[in-house]
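Chemist:
2 protein chains.
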Amino acid sequence: MRTLHDLDTPFAVVDRSRVLANVARLRERLAPHNVVLRPHVKTAKSTEVAELIFDGRPGPITVSTLAEAEAFADKGFRDITYAVGITAQKLPRIRALQERGVVVTVLLDSVEQAEAVAGIPALIEVDCDGHRGGVSATGDELAQIGQVLTESGSLAGILLHAGESYFAYTPQELKAAAVNEADVARRAATTLRQAGLDVPTVSIGSTPTAHAFTTDIDLSGITEVRAGNYVFFDLVMAGIGVCTVDDLALSVVVTVIGHQTSRGQILTDGGWMATSRDRGTARQPIDQGYGLVAELDGTLIPDLLMSDASQEHGTLSLRPGSPYPLPNLPIGTRLRILPNHACATAAQHRQYTVISSQADLVVENVWERIQGW
Amino acid sequence: MRTLHDLDTPFAVVDRSRVLANVARLRERLAPHNVVLRPHVKTAKSTEVAELIFDGRPGPITVSTLAEAEAFADKGFRDITYAVGITAQKLPRIRALQERGVVVTVLLDSVEQAEAVAGIPALIEVDCDGHRGGVSATGDELAQIGQVLTESGSLAGILLHAGESYFAYTPQELKAAAVNEADVARRAATTLRQAGLDVPTVSIGSTPTAHAFTTDIDLSGITEVRAGNYVFFDLVMAGIGVCTVDDLALSVVVTVIGHQTSRGQILTDGGWMATSRDRGTARQPIDQGYGLVAELDGTLIPDLLMSDASQEHGTLSLRPGSPYPLPNLPIGTRLRILPNHACATAAQHRQYTVISSQADLVVENVWERIQGW
Numbered sequence: 001m002r003t004l005h006d007l008d009t010p011f012a013v014v015d016r017s018r019v020l021a022n023v024a025r026l027r028e029r030l031a032p033h034n035v036v037l038r039p040h041v042k043t044a045k046s047t048e049v050a051e052l053i054f055d056g057r058p059g060p061i062t063v064s065t066l067a068e069a070e071a072f073a074d075k076g077f078r079d080i081t082y083a084v085g086i087t088a089q090k091l092p093r094i095r096a097l098q099e100r101g102v103v104v105t106v107l108l109d110s111v112e113q114a115e116a117v118a119g120i121p122a123l124i125e126v127d128c129d130g131h132r133g134g135v136s137a138t139g140d141e142l143a144q145i146g147q148v149l150t151e152s153g154s155l156a157g158i159l160l161h162a163g164e165s166y167f168a169y170t171p172q173e174l175k176a177a178a179v180n181e182a183d184v185a186r187r188a189a190t191t192l193r194q195a196g197l198d199v200p201t202v203s204i205g206s207t208p209t210a211h212a213f214t215t216d217i218d219l220s221g222i223t224e225v226r227a228g229n230y231v232f233f234d235l236v237m238a239g240i241g242v243c244t245v246d247d248l249a250l251s252v253v254v255t256v257i258g259h260q261t262s263r264g265q266i267l268t269d270g271g272w273m274a275t276s277r278d279r280g281t282a283r284q285p286i287d288q289g290y291g292l293v294a295e296l297d298g299t300l301i302p303d304l305l306m307s308d309a310s311q312e313h314g315t316l317s318l319r320p321g322s323p324y325p326l327p328n329l330p331i332g333t334r335l336r337i338l339p340n341h342a343c344a345t346a347a348q349h350r351q352y353t354v355i356s357s358q359a360d361l362v363v364e365n366v367w368e369r370i371q372g373w
Numbered sequence: 001m002r003t004l005h006d007l008d009t010p011f012a013v014v015d016r017s018r019v020l021a022n023v024a025r026l027r028e029r030l031a032p033h034n035v036v037l038r039p040h041v042k043t044a045k046s047t048e049v050a051e052l053i054f055d056g057r058p059g060p061i062t063v064s065t066l067a068e069a070e071a072f073a074d075k076g077f078r079d080i081t082y083a084v085g086i087t088a089q090k091l092p093r094i095r096a097l098q099e100r101g102v103v104v105t106v107l108l109d110s111v112e113q114a115e116a117v118a119g120i121p122a123l124i125e126v127d128c129d130g131h132r133g134g135v136s137a138t139g140d141e142l143a144q145i146g147q148v149l150t151e152s153g154s155l156a157g158i159l160l161h162a163g164e165s166y167f168a169y170t171p172q173e174l175k176a177a178a179v180n181e182a183d184v185a186r187r188a189a190t191t192l193r194q195a196g197l198d199v200p201t202v203s204i205g206s207t208p209t210a211h212a213f214t215t216d217i218d219l220s221g222i223t224e225v226r227a228g229n230y231v232f233f234d235l236v237m238a239g240i241g242v243c244t245v246d247d248l249a250l251s252v253v254v255t256v257i258g259h260q261t262s263r264g265q266i267l268t269d270g271g272w273m274a275t276s277r278d279r280g281t282a283r284q285p286i287d288q289g290y291g292l293v294a295e296l297d298g299t300l301i302p303d304l305l306m307s308d309a310s311q312e313h314g315t316l317s318l319r320p321g322s323p324y325p326l327p328n329l330p331i332g333t334r335l336r337i338l339p340n341h342a343c344a345t346a347a348q349h350r351q352y353t354v355i356s357s358q359a360d361l362v363v364e365n366v367w368e369r370i371q372g373w
């Protein structure tokens, strides 16, 4: 029986109970709405985590790489949306999946791409908040692309992503982002339908907006909701109020390797190689450095932050102005770092060490992450 | 014959000629000094890159993980310094390497660690600039640790790292950091010798200071110099004047997947998963965003930056105030991103696609990176 004391640090830990609770919460949040949940598997990149979402059966998923699509296809997943703008060079791998009976739906936002994907189901990306890609919900371009896709039998529908919701800091802003995402989606669907086109899928979602889809939000006309980060959550999500720190299911175990007491610093063997360089909370009202610090059983150490990182060194220090003394953490002490951004921190690891619940240090399983592209 | 046009993007490219030139430059810089070069292999994590440094033979190296030590031991390397503070739990893997005839020298900066490593060669980390770990060169602690190590036959010497040299922005500051690193090292060696202890190894170095060791710098008493990043270099190093942008040997090939012309943006399939979240140039006089953008043959596109990143999306835009128009880069165009921080960008990839020189698009080789810890 191995425990979190036995493995060489640094390593990534997943708390299975918290994943299950996070998964149940979003399922319940969406239950009153007539929508399909199509989770984005890019955060965990783990077929085992997806099994927790779908109760062991394959379900509809969103992927960020063809490597994810292929790995999930190998596990029997047959309904996959590849939500990064498509280019012609990636089509052979998608056609190979099609030939295996996998429906891979691609994403695009130009006539040029629409012409290239003939015969492959495609969603048109619609911009709802100026975040990244997508065409306007009301301009001519949307209908033009829809027309091209329809001619080749490829039009699957539309997809929106309220990426700017990651910068919402009040429940009101989050709700406004959620309402806007659904409103713009319906407007875009109307644009296409008024052009005489079929729009079977109307896909929206992000972890912040999906959790803001309370029963008073109108999701009529929306067929599916996507979210990814919510399986693990992180300090950025806690900072915008989508979860609490107690919901975080991913952490990194590190070991104390030194002290610089005169500078108020404790050094660990977990640097940015273990946590990533993500500083997502730097732009939030409360900057959490590279992460919060907990004891190995998950108990948070008040005001202790991972304040700096080099490749294989983490620096821990107290939050500026803290009334606490620097805790006594001898060399060899194991700690857990709660990360800013679960997607980025998880990406630094090849596998997850799985525990059944927060304070249970027994290693229940090891789950591999899908690597590369 | 495959070329950079044939592989699925994103992927990391190494320009072998530039690595060779970078390797030769540091070798020449250090040649007038009576020091051993002990490269840090943490940047490339590739035994093939190390072969370029050592002309195909094993040589003395520095590692940041035991996974690196083990992989290099498998390739015949027998003199390895593990330059992250040691803890007792990592000793079994080090003893296993010892039993294979590999000399693994560990690093520490406390009496407690010194007591734990009995029988394993150990360097005492000395602090030269308040950057991270290490004891004072002149305090009692250094001699106390040296005494404990000597009693168990473990004292190998001392090690310093001028980590703050990464924040030097003038040749004068770089030179001062280099002089200080050597001066403090000699002071620390004297402290130990005055306590009657042997100090065979006096190890200093960082990529910025190693390149500042011109012939007028006194390296007497220094036995070895370490540097890691210099095999690839990056925009942070170019920003502090240690190299030019034309020396960068690592880049990431990405594909244009969309345009937001009204916002002056071009979207690619290379997000932070391909470049890392490192924003090292953000604190430099010239902020390079997530990296500079070049054509596939390496020709820089004036003023075009990778200005933003999400997981699998890169946003390119012109540097603020640029007189140039947004270049015409159709969907499917392949580009190369020159990264802020080679160590972090390389860490996002499992392998390197190797080309012989800058404008030669033929894939000459694929080199695997050492993964994990």
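These protein sequences, in sequence, are chains G and A.
Mapping to UniProt numbering: the first sequence position 213 is 213, numbers consecutive.
Mapping to UniProt numbering: the second sequence position 223 is 223, numbers consecutive.
The beta-carbon is built from N, C-alpha and C at its ideal position, and this holds for glycine as well.
#1: Does the separation of the CB atoms of G280 of chain A and M306 of chain A fall below 8 Å?
#2: Closer than 7 Å by beta-carbon distance: list the chain A residues that pair up with D140 of chain G, in chain order.
#3: What residue range is occupied by the uninterrupted beta strand (DSSP E) comprising M306 of chain G?
#4: With the cut-off set at 8 Å, would you say I257 of chain G and T244 of chain G are in Cβ contact?
#5: Under three-state DSSP, which class holds R334 of chain A?
#6: Say whether chain G places a C-beta atom closer than 8 Å to the C-beta of C343 of chain A.
#7: Is it buried or exposed, V63 of chain G, if we count other Cβ atoms within 10 angstroms and call 16 or more buried?
#8: Is L123 of chain G closer than 8 Å to A88 of chain G when the C-beta atoms are compared?
#9: Nearest-angstrom Cα distance between V102 of chain A and L37 of chain A?
#10: Using beta-carbon positions only, say whether V253 of chain A and R334 of chain A come within less than 8 Å of one another.
#11: Does any residue of chain A have a CB that is nearer than 8 Å to the CB of G332 of chain G?
#12: Could you name the residues of chain A that K42 of chain G contacts, counting a contact when the two beta carbons are closer than 9 Å?
#13: Does any residue of chain A bring its CB to less than 8 Å from the CB of W367 of chain G?
#14: Please name the residue, chosen from A:V293, A:L160, A:L219 and A:R16, that lies closest to V49 of chain A on a Cα-to-Cα basis.
#15: Between the stretch 137 to 151 of chain A and the stretch 163 to 180 of chain A, can you find at least three pairs of beta-carbon atoms closer than 8 Å?
#16: Taking Cβ positions, are I158 of chain A and V117 of chain A nearer each other than 8 Å?
#17: Quick test of the definition: if touching needs 3 or more C-beta pairs under 8 Å, does the stretch 331 to 348 of chain G touch the stretch 234 to 248 of chain G?
#18: Might you give, ordered along the chain, the residues of its own chain that have their beta carbon closer than 7 Å to the beta carbon of V148 of chain A, omitting 5 neighbours on each side?
#19: Would DSSP call G280 of chain G helix, strand or coil?
#20: Counting only Cβ pairs nearer than 8 Å, list the residues of chain A close to A88 of chain G.
#21: Which one or two residues does DSSP pair with H5 of chain G in a beta bridge?
#22: Starting from the beta carbon of A347 of chain A, find every residue of chain G whose beta carbon is closer than 9 Å, and list them in chain order.
#23: So what's D183 of chain G in DSSP terms, helix, strand or just coil?
#24: Would you grab the beta carbon distance between K90 of chain G and L66 of chain G for me? Rounded to a whole angstrom, and I think it's under 8 Å.
#25: Find out if the Cβ-Cβ distance for the pair S46 of chain G, R336 of chain G is shorter than 8 Å.
#26: Between the C-alpha atoms of F11 of chain A and M273 of chain A, what's the straight-line distance to the nearest angstrom?
#27: With a cut-off of 8 Å, does the C-beta of D74 of chain G fall near any C-beta of chain A?
#28: Within 10 angstroms of the Cβ of P208 of chain A, are there 16 or more other Cβ atoms? Answer buried if so, exposed if not.
#29: Looking only at its own chain, which residues have a Cβ that is under 7 Å from the Cβ of S152 of chain G, when we skip the five neighbours before and after it?
#30: Pull the bridge partners of W367 of chain G from the DSSP assignment, please.
#31: Just grab the DSSP bridge partners of S251 of chain A for me.
#32: Opposite H40 of chain A in the DSSP bridges: which residues?
#33: Could you name the residues that DSSP lists as bridge partners for S317 of chain A?
#34: At a CB distance below 7 Å, what residues from the stretch 93 to 115 of chain A approach chain G? Give them in sequence order.
#35: Identify whether L20 of chain G lies in helix, strand or coil by the three-state DSSP scheme.
#36: Using a C-beta to C-beta distance shorter than 9 Å, which residues of chain A count as neighbours of R132 of chain G?
Modeler: In short, the structure shows the following:
#1: no
#2: The contacting residues do not exist; D140 of chain G stays about 14 Å from chain A at best.
#3: L300 to A309
#4: no
#5: strand
#6: yes
#7: buried
#8: no
#9: 18 Å
#10: yes
#11: yes
#12: M273, Q311 and E312
#13: no
#14: A:R16
#15: no
#16: no
#17: yes
#18: V111, A114 and E115
#19: helix
#20: G332
#21: Paired residue(s): none; H5 of chain G is not in a bridge.
#22: W272, M273, Q311 and Q348
#23: helix
#24: 6 Å
#25: no
#26: 10 Å
#27: no
#28: buried
#29: A118 and G119
#30: G:Y352
#31: A:V13
#32: A:T62
#33: A:L305
#34: D109, S110, E112 and Q113
#35: helix
#36: G258, Q260, Q265, L267, D308, S310, H313 and T315
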